[in-house]
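Protein chains in written order, with the numbering used here: chain A, -2 to 325; chain B, 410 to 694. This report concerns only the one structure given below.
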Amino acid sequence: MYAQLVKSEGAKSRDEMSPGEIAFQERIDRGEKIEPKEWMPEGYRKTLIRQIGQHAHSEIVGQLPEGNWITRAPTLERKAILLAKVQDEAGHGLYLYSAAETLGVSRDELLEKLHSGNMKYSSIFNYPTLTWADMGAVGWLVDGAAIMNQVPLQRTSYGPYSRAMIRICKEESFHQRQGYDIMMKMCAGTPEQKAMAQDALNRFWYPSLMMFGPSDKDSVHSAQSMAWKIKMNTNDELRQKFVDQTVPQAEYLGLTIPDENLKWNEEKGGYDFSEPDWSEFFAVIAGNGPCNAERLGARVKAWEDGAWFRDGLMAHAEKARSQRIAAE
Amino acid sequence: MPSLPDVMTPEVEKLAAAQAGQGAPAPQDQTRDALFEWLLRTGDNALILGHRVSEWCGHAPALEEDIALANQALDLIGQCQLWLGLAGEVEGRGRSADTLAYLRDAGAFRNLLLVERPNGDFGHTLMRQFLFDAFHIELLDAAAASPDARIAEIAAKAKKEVAYHLERSADLVIRLGDGTAESHDRMQKALDALWSYTGEMFHDDAHDRALAEAGVIAAPSTLRAAWDRTVGQVMAEATLRLPGDVWQHGLTGAGGGKRGVHSEHLGYILAEMQFLQRAYPGATW
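So, in structure tokens, the structure goes:
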């Protein structure tokens, strides 16, 4: 999940709603899509901007941990695949910023909020990618967790977001498969490669569980977002689904999930597992993860160093426009 | 200490080649060796430039640029796979594209000095790309006309990609050259800094001449006029001044990427690129 702790606006009981708000809620309940020019409650619009914006930021910051290994990819084919994947992430960022623009916020405004620390990106990208196996673990676990959340979001109530999600999901499932393929190769490889794979799982397991956000009992913003179909499932539901899907995949690889309490629970038809350390999660969200400073610093530097480039293009476009007008 | 004259005259080069066991090869062998060299040069240009371009991933000045650069790097790595794959085939010693990319040391790389230049600011990166693209398209055009179908096929495929690279880099050079005072100044500085590395692209050596004589592919010097035209037109539109007749690296003495004598930068590129293959020899990834 690339959106965590998204603050939801305007939670209202039915008695407090205006006739317009009631009609809006009824459209959503009927499964209708809301389109950009249509009336929507201000809270719906603001919450969506936060969520889509955070998701977009996650895609572009998410280029960095994987970009970290492009120049060191072990074969030409792996290099090409990783490049294609990171290019996809940037493309997802582009769709999502465009979806957010339909709600009346520009990409530059959203980026300004990211750079000033007023908007977040997913906590997962503040963890370092230390070995090649991390490229496998990121694809398998991080993209796997993202898909868990994004597949239901294809049915989200806001039309442009839903359509962006449909395209994104197609690519994400390729990403997850390529990650798992790296893990399979590593696990069938030399003892050092297998150890690298296990180490990557050890480091990425709990941060991946954190991607779904805090436990339902501590998640204050879920109810309104779920009523608006901006959020389709609770954090705990998705986390459980992710664990249930991932455990057999780890077993197939011959890897051990780093959780002594992991156990199949026949009664609930799912695994029991340990909660991640939520104090670490909140520390990372607050800016104290291992790579927060580098990740945000890299994005701010790219933006600032690129100002002359963007200004140059704008100036040229302006000159060309004046010349056209003069010629007419 | 007296200064030492340059001892690498063409005669000495021949003697040295003979001593290295390459003396007076049969004509087919000579063409094969020259073809192997040409394929390494073409494949290594794509590999090293692709590497440099991929260094921008996530750091470009606009999201569209991140996407375009990744795409370009992807094209170049794909082309490198084809050229180096064919190089291994022509060499006939069982080396794959990966073996050639990951297990040669710098001295065995044959890329131009231009493509290993550091990225610098985005203006340098774009100018390097444009100067190379304008050459690359002519090179591929010549290669697509080769009677050797293996070369012609790869060149025809690569040409489509490179035509787009050139369109994009020329467009950006024009817009930034004729943009703000700052963007103009940065593009001019980039052009001035990189111009000394353009002569190497058109310098014919014994291998180039052997291939031209055998009718396999036209010599690099024949591509110059078309490149001059493209570069001249684009720089005029970009309001940038051509540096003219300045010193060119890689043409004299023992230097030059085509001969395997690189700048210090290539060693670092390879240290990074080859790290996993070197640290875990024989592993499958």
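Glycine included, every Cβ here is placed at the ideal spot set by N, Cα and C. All values reported here derive from a predicted model rather than from experimental measurement.
Alpha carbon to alpha carbon, what distance is there between residue j and residue i?
i       : j      : result
E525/B  : F544/B : 16 Å
F278/A  : W202/A : 13 Å
G210/A  : F122/A : 14 Å
R441/B  : S463/B : 32 Å
I163/A  : G90/A  : 14 Å
Q147/A  : L679/B : 39 Å
S216/A  : L2/A   : 7 Å
W604/B  : A477/B : 24 Å
A506/B  : D484/B : 15 Å
L585/B  : A647/B : 7 Å
R11/A   : I19/A  : 7 Å
S672/B  : L522/B : 7 Å
I560/B  : M208/A : 49 Å
P16/A   : G532/B : 56 Å
M417/B  : A663/B : Confidence at M417/B is low in this model, with a pLDDT of 49, below 50, so its placement is unreliable and the value that follows should be read with caution. Their Cα atoms are separated by approximately 7 Å.
A345/A  : D580/B : No statement about residue 345/A is possible, as the shown extent of chain A runs from -2 to 325 and does not include it.
Q195/A  : F684/B : 21 Å
D594/B  : H313/A : 14 Å
L548/B  : R450/B : 11 Å
R504/B  : N199/A : 37 Å
M(-2)/A : P204/A : Here M(-2)/A scores only 49 on pLDDT, less than 50, and its place in the model should not be relied on; the value that follows carries that caveat. Those two C-alpha atoms are separated by around 11 Å.
P527/B  : E109/A : 29 Å
L536/B  : S113/A : As written in the sequence, residue 536/B is Met, which differs from the Leu given in the question. Distance between the alpha carbons of M536/B and S113/A is about 32 Å.
P629/B  : T126/A : 43 Å
S319/A  : E291/A : 42 Å
What residues of chain B sit near residue i, judged by a beta carbon separation below 7 Å?
i     : result
P71/A : L685, Q686, W694
K30/A : Within chain B, no residue comes near K30/A; the closest Cβ sits about 26 Å away, beyond 7 Å.
Rounded to the nearest angstrom, how far is the Cβ of residue i from that of residue j, given a contact under 8 Å?
i      : j      : result
E474/B : R519/B : 29 Å between Cβ atoms; not a contact.
Q657/B : G608/B : 3 Å
H172/A : D85/A  : 7 Å
S222/A : K30/A  : With a Cβ gap of about 17 Å, S222/A and K30/A do not count as contacting.
A197/A : G133/A : 6 Å
W492/B : G459/B : With 8 Å as the limit, W492/B and G459/B do not qualify as a contact, their Cβ atoms being about 12 Å apart.
G286/A : Y124/A : 7 Å
A53/A  : A81/A  : That belief does not hold up - the Cβ atoms of A53/A and A81/A are roughly 20 Å apart, past 8 Å.
S392/B : G309/A : Since the first residue shown for chain B is 410 and the last is 694, residue 392/B is missing from the structure and cannot be characterised.
Y177/A : Q246/A : 7 Å
G487/B : A77/A  : 6 Å
H616/B : A443/B : 4 Å
Where does residue i fall in DSSP's three states?
i      : result
N65/A  : coil
V416/B : Confidence at V416/B is low in this model, with a pLDDT of 47, below 50, so its placement is unreliable and the value that follows should be read with caution. Coil.
K9/A   : coil
G676/B : helix
V102/A : coil
N262/A : strand
D613/B : coil
G88/A  : helix
G532/B : helix
G432/B : Low confidence applies here, because G432/B scores a pLDDT of 48, under 50, leaving its location unreliable and the question unanswered by this model.
A314/A : helix
G17/A  : helix
G665/B : strand
V655/B : coil
I486/B : helix
D269/A : strand
V240/A : helix
Y573/B : helix
Residue i versus chain B: which residues are under 8 Å apart at the beta carbon?
i      : result
V83/A  : C466, G467, A479
R75/A  : W694
W129/A : L685, W694
Of all the CB atoms in chain D, is at least one closer than 8 Å to the CB of residue i?
i      : result
H313/A : Any reference to chain D falls outside this structure, whose protein chains are A and B.
So with CB distances below 7 Å, who are the chain A contacts of residue i?
i      : result
A389/B : The first residue shown for chain B is 410 and the last is 694, placing residue 389/B beyond what the model contains.
Listing by chain order, which chain B residues have their CB less than 9 Å from the CB of residue i?
i      : result
R307/A : P470, A471
L310/A : A471, L581, R584, L585, G588, S592
Taking Cβ-Cβ distances shorter than 8 Å, what residues in chain A pair up with residue i?
i      : result
Q476/B : The displayed chain sequence assigns Ile, not Gln, to residue 476/B. Chain A residues near I476/B: Q84, A87, G88, L91.
With 7 Å as the limit, tell me which residues of the stretch 159 to 193 of chain A have their beta carbon closer than that to any beta carbon of chain B; keep them in chain order. K182, G186, T187, E189, Q190
Between the stretch 266 to 299 of chain A and chain B, which residues of the former have a C-beta closer than 7 Å to a C-beta of the latter? A295, A299
Chain A contacts from the stretch 460 to 474 of chain B (Cβ-Cβ distance under 7 Å): H460, S463, E464, C466, G467, H468, A469, P470, A471, L472
Residues within the stretch 600 to 617 of chain B neighbouring chain A, beta-carbon criterion of under 8 Å: Residues passing the 8 Å Cβ filter: none.
Listed from N- to C-terminal order along the chain, which residues in the stretch 579 to 602 of chain B have their beta-carbon within a distance smaller than 7 Å of any beta-carbon of chain A? R584, L585, D587, G588, T589, E591, S592, R595
Listed in chain order, which residues of the stretch 41 to 70 of chain A have Cβ atoms closer than 7 Å to some Cβ of chain B? I57, Q60, L61, G64, I67, T68, R69
Between the stretch 496 to 508 of chain B and chain A, which residues of the former have a C-beta closer than 7 Å to a C-beta of the latter? Residues passing the 7 Å Cβ filter: A506, D507.
Please identify, using Cβ separations under 8 Å, the residues of the stretch 527 to 539 of chain B that lie next to chain A, in order along the chain. D530, F531, G532
Members of the stretch 227 to 242 of chain A near chain B, C-beta cut-off 9 Å: none
What residues in the stretch 128 to 155 of chain A bring their beta carbon closer than 8 Å to a beta carbon of chain B? W129
Taking Cβ-Cβ distances below 7 Å as the criterion, which residues of the stretch 480 to 494 of chain B are in contact with chain A? N480, A482, L483, I486, G487, C489, Q490
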